[in-house]
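As C-alpha cells, the structure follows; a few thoughts come after it.
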Amino acid sequence: TSPLDNQTHWEQLYFPVLTPLLVGSGDKVMITFESDTRYSVGVNVKWQVSLHRDSNRLVEQLLDMRKGDLR
C-alpha cells in the first residue's frame, strides 16, 4: 500500500536492510518473513535477507521490527 493512499486495516510497515546489497548478474537475493499477529503480541515481524552467489552465501541479515538486528 502506498503511503500516499488512504489508510487500510494493514499498517504501513517498512522492512529495511542493514547495509546495501551489491548484487551482480546471476546472484540471488532471498527474503523470508515471519509474522506474529496474536492479540497478546499485536504485530511483530521478523525478516531474513540473504545474498547468494553460486553456492556461497555472501550476506545474511536477521532483523526483528521490535528488537532490530538479531546477529
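In terms of my numbering, the sequence shown opens at residue 121 and continues consecutively. No residue lacks a Cβ here, since even glycine has one placed at the ideal position from N, Cα and C.
With 16 other Cβ atoms within 10 Å as the buried cut-off, status of residue i
{"i": "residue 138", "result": "exposed"}
Residue i in three-state terms, based on DSSP
{"i": "residue 172", "result": "strand"}
{"i": "residue 165", "result": "strand"}
{"i": "residue 177", "result": "strand"}
{"i": "residue 149", "result": "strand"}
{"i": "residue 188", "result": "strand"}
{"i": "residue 160", "result": "coil"}
Residue nearest to residue i in terms of C-alpha spacing, selected from the options
{"i": "residue 136", "options": "124, 161 and 167", "result": "167"}
{"i": "residue 169", "options": "152, 185 and 143", "result": "152"}
8 Å Cβ cutoff met for residue i and residue j
{"i": "residue 147", "j": "residue 171", "result": "yes"}
{"i": "residue 141", "j": "residue 179", "result": "yes"}
{"i": "residue 164", "j": "residue 174", "result": "no"}
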